[in-house]
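My numbering applies: residue 55 is where the sequence shown begins, and numbers increase by one. Every residue, glycine too, gets a C-beta built ideally from N, C-alpha and C. Below: the structure, in structure tokens.
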Amino acid sequence: MDKITVGRMNNAPKIDRNIYGHFSEHLGHCIYEGIFVGAGSPIPNTNGIRTDVVEAMRKINLPILRWPGGCFADEYHWRDGIGPERRRMVNTHWGGVVEDNSFGTHEFMELCSQVGCAPYVNINVGSGTVREMAEWVEYMNSDGDSTTVQERWANGRKEPYNVRFWGIGNENWGCGGNMRPEYYSDVYRQFQTYCRTYGDNVPYRIACGSDGEDLEWTEVMMRTAAKYMDGLSLHYYTVTNTWEDKGSATDFDDTLYLQTLKKALRIDELITRHGAIMDRFDPERRIGMIVDEWGCWHNVEPGTNPGFLFQQNTMRDAMVAALSLNIFNRHADRVRMANIAQVVNVLQAIILTRGGKMILTPTYHVFDLYQGHMDAELLNCMVECAQLENGIEKLNVSASRKGDAVTVTIANFTDKTTVRIDGITAERVSGRILCGTPRAYNTFEQPNTVCPGSFEDVRLFGDHAEATLPSNSIVALSFVD
Ligand code: AHR
Numbered sequence: 055m056d057k058i059t060v061g062r063m064n065n066a067p068k069i070d071r072n073i074y075g076h077f078s079e080h081l082g083h084c085i086y087e088g089i090f091v092g093a094g095s096p097i098p099n100t101n102g103i104r105t106d107v108v109e110a111m112r113k114i115n116l117p118i119l120r121w122p123g124g125c126f127a128d129e130y131h132w133r134d135g136i137g138p139e140r141r142r143m144v145n146t147h148w149g150g151v152v153e154d155n156s157f158g159t160h161e162f163m164e165l166c167s168q169v170g171c172a173p174y175v176n177i178n179v180g181s182g183t184v185r186e187m188a189e190w191v192e193y194m195n196s197d198g199d200s201t202t203v204q205e206r207w208a209n210g211r212k213e214p215y216n217v218r219f220w221g222i223g224n225e226n227w228g229c230g231g232n233m234r235p236e237y238y239s240d241v242y243r244q245f246q247t248y249c250r251t252y253g254d255n256v257p258y259r260i261a262c263g264s265d266g267e268d269l270e271w272t273e274v275m276m277r278t279a280a281k282y283m284d285g286l287s288l289h290y291y292t293v294t295n296t297w298e299d300k301g302s303a304t305d306f307d308d309t310l311y312l313q314t315l316k317k318a319l320r321i322d323e324l325i326t327r328h329g330a331i332m333d334r335f336d337p338e339r340r341i342g343m344i345v346d347e348w349g350c351w352h353n354v355e356p357g358t359n360p361g362f363l364f365q366q367n368t369m370r371d372a373m374v375a376a377l378s379l380n381i382f383n384r385h386a387d388r389v390r391m392a393n394i395a396q397v398v399n400v401l402q403a404i405i406l407t408r409g410g411k412m413i414l415t416p417t418y419h420v421f422d423l424y425q426g427h428m429d430a431e432l433l434n435c436m437v438e439c440a441q442l443e444n445g446i447e448k449l450n451v452s453a454s455r456k457g458d459a460v461t462v463t464i465a466n467f468t469d470k471t472t473v474r475i476d477g478i479t480a481e482r483v484s485g486r487i488l489c490g491t492p493r494a495y496n497t498f499e500q501p502n503t504v505c506p507g508s509f510e511d512v513r514l515f516g517d518h519a520e521a522t523l524p525s526n527s528i529v530a531l532s533f534v535d
């Protein structure tokens, strides 16, 4: 029998709710159609923002949303997206389509307010100026009677927005300016100086971090700019095959399934390696590791615009979400935020739309199942289980405690198995499950092929519990003292 041992930790970190964060870029149909349809649309909306999508986001208590990119952030000029006259541009990164800027600062803040989530704004370093950034922060956060603030008033918003999270550039080693770490770190130091505090809103400044492989980037940033940052980002995408031919989102065999999981598990090692560098300069772990882009990146769906990054989402993607969130939980002492890419219609989306229709992907349901971990105290979790043919362990687990409830989330990558869970002395237990073959997914015609249900196959025995997990299942157990 497989075994999980759960126990309290010394100085246990809190699992920051922002680990369950999301990302929305001006890319394909993420913003336009996926979120924003305009007030005149026949699709039900409030102030132009889709009602169905907002409701789905609210249901999983989506805590934080990153915007406007991504690569798009480093060519976004915020003034193009405010006021009655919006400037049109070509979105050169993503599909070469016209961006009419009808979704801008006020619309993004309206979205966050409808969802009830925190905004995380990524500013333009690659092609922007310090002044442009400084004025955006002032526009959003200042209460002073300046010309910039008067502009905000004129655009209908009296109170400051008090945005706390600011990303200073994105992938500045690549699409954000092709900079060397030494150069970016100086630019970062300069930009962050003018990302000012207004009132009692002290900005949380996130520096651009590595693509995962580049340890030197982290080393240079920590050596030269640690004291100027609150967070350092890390991007990691799970690509099954190669960047040139990533592999199909839906058409794969069991060997490729396990290969995807193995690649996804690599984020554990990357967090550890980058974290070790951060520890040398920041042993107190004041600076958060911000995994603000992660998830599966497959080939686009045949027949769709290659620049729109639209892909289907199977139970395999759900497994990647489940194991990644378990890993982030287990690194909660350093990882303070993570944002899956991206929230609607792009890459590993939790929501897909087609015209007025909306479906929830298997990945969405993982976020739903894992809600018990948000703001909970991390528990130790030891797993003894068999290895699969490609060397990965067949179970991936994390556990946490909030008040009198312990949440244990288990991803079972293959066959049905019974697991003993030690360290549990609960009076009651309930569970939810998501399962299906790795290739199962939801379509607009059959939206509930993969959807969660209640999980009954768990028994309490005084000092432990036993659960029988069906093959290819993700289970969230809630034990109450
Ligand atoms: O999420 C898609 C793109 O991937 C982002 O724009 C960029 O930051 C990354 O390379």
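Rounded to whole angstroms, Asp422 and Ser527 show a C-alpha spacing of 15 Å. In the three-state reduction of the DSSP assignment, Cys125 falls in the helix class. With distances taken between CA atoms, Gly507 lies nearest to Cys489 out of Cys489, Val151, Asp128.
For Ala372, the enclosing alpha helix (DSSP H) covers residues 369-384. Rounded to the nearest angstrom, the gap between the Cα atoms of Asp387 and Gly124 is 26 Å. Listed as beta-bridge partners of Phe77 by DSSP are Arg120, Ala395.
Ala392 and Ser287 have their alpha carbons spaced roughly 9 Å apart.
Under DSSP, Lys411 forms a beta bridge with Arg408. Positions of the alpha helix (DSSP H) runs, each at least 4 residues long and wholly inside the segment 217-265, are given as 235-247 in order along the chain.
Following the DSSP letters along the chain, one finds Trp271 in no beta strand (DSSP E) but inside the alpha helix (DSSP H) bounded by residues 269-279. Taken atom to atom, the span from the alpha-carbon of Asn176 to that of Asp476 is near 43 Å. With a cutoff of 6 Å, Gly149 does not count as near the ligand AHR, since its C-beta is closer than that to no heavy atom of the ligand. The C-alpha of Ile341 lies about 16 Å from the C-alpha of His289. Of the other Cβ atoms in all chains shown, fewer than 16 fall within 10 Å of the Cβ of Asp333; this residue is therefore exposed. For Met63, there is no enclosing beta strand (DSSP E), as DSSP marks it with neither H nor E. At least one heavy atom of the ligand AHR falls within 6 Å of the beta-carbon of Glu225. In this structure Ala465 does not touch Ser532 by the C-beta definition: roughly 16 Å separates them, more than the 8 Å allowed. At a threshold of 6 Å, Gly124 counts as near the ligand AHR, since its beta carbon sits closer than that to one of the ligand's heavy atoms.
Beta bridge pairing from DSSP links Gln365 with no other residue. Apart from sequence neighbours up to five positions away, the residues of its chain that approach Glu153 with a beta-carbon distance below 8 Å are His80, Arg142, Met143, Val144, Asn145, ordered along the chain. Taking the Cβ of Ala66 as the reference point, every heavy atom of the ligand AHR lies at 6 Å or farther away. Its chain contains Thr202 as the residues whose beta carbon lies nearer than 6 Å to that of Glu192, once the 5 sequence neighbours on both sides are disregarded; these appear in chain order.
Within the same chain, Leu442, Lys448, Ser525, Asn526 come within 8 Å of Thr468 by CB-CB distance, once the 5 residues on both sides are set aside. Counting only residues of its own chain and dropping the five nearest sequence neighbours on each side, Tyr282 has a CB closer than 6 Å to the CB of Arg243, Gln246. Bounds of any alpha helix (DSSP H) do not take in Tyr495, whose DSSP letter is neither H nor E.
Burial state of Tyr248 is exposed, judged by a 10 Å Cβ sphere holding fewer than 16 other Cβ atoms. In the displayed model, Glu447 falls within a strand according to three-state DSSP.
Nearest Cα to Leu116 within the set Gly426, Leu514, Met436, Asn502: Gly426. Taking 7 Å as the cut-off, the Cβ atoms of Gly329 and Trp148 do not count as close.
According to the DSSP assignment, Trp297 belongs to no alpha helix (DSSP H), since it is labelled neither H nor E. Tyr495 and Val512 have their alpha carbons spaced roughly 26 Å apart.
Closest by C-alpha distance to Met428, out of Met55, Pro96, Asp70, Ile58, is Asp70. The DSSP-derived three-state label of Tyr193 is helix. In the displayed model, Asn176 falls within a strand according to three-state DSSP. In the DSSP assignment, Trp348 falls within the unbroken beta strand (DSSP E) covering 342-350.
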